[in-house]
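Numbering (our numbering), first residue to last: 40 to 177.
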Amino acid sequence: MEDYRSNYKGKVFGIKRIGGFFAVEEANLFGDLTKYDFIMKDRLTYSYNGNHNYCAEIMKEACDEPVFNGWKIDNLYFYGNWYGQAPAFNLINENGEEYHSDQFTQERNWYDKQPEVMIRETLLKVLKFTEQNNRENQ
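So, in structure tokens, the structure goes:
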């Protein structure tokens, strides 16, 4: 049986926020990164018996950390099983406190087939969470 981890090649994604939407595309590290608001890189974090977990994280060496309503993105996670991957996210607020979302298990998809879509949809969840949390604290 072939080890899936040896086949997965991590990617770099450029992300541009346009109002309440995120444009996500695979980026070239040697290209013009200034057109993006921030850059993320992904990797396979776990692979066993058909279950694959992925992580997308901010490339701090290539961009400033994005802040949404007082929250920084730590990582986006895509936890997998036989039915695809379910997104989740980790955020850090201005006080250094972490928040880890539950998995959105009803929204499984195949990360390795459409990572841009899953990153975009998860970023929309991050934005919604930070907007709601910000309103609650005002």
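Using N, Cα and C, we set each Cβ at its ideal position, and we do this for glycine too.
Since we're looking at a predicted model, the values are computed, not measured.
Non-local C-beta neighbours of glutamate 155 in its own chain, meaning closer than 6 Å and more than five positions away in sequence, comprise Val63, ordered along the chain. In the three-state DSSP reduction, glutamine 153 falls in the coil class, being neither helix nor strand. Across the set Tyr150, Gln145, Phe61, Ile97, the C-alpha of Ile97 shows the shortest separation from the C-alpha of asparagine 129. Distance from tyrosine 150 to phenylalanine 117 at the Cβ level is roughly 4 Å; contact confirmed, criterion being Cβ atoms closer than 8 Å. Ranking Tyr93, Ile54, Ala101 by CA distance to the CA of glutamine 124 puts Tyr93 first. Leucine 68 carries a coil assignment under DSSP once its states are collapsed to helix, strand and coil.
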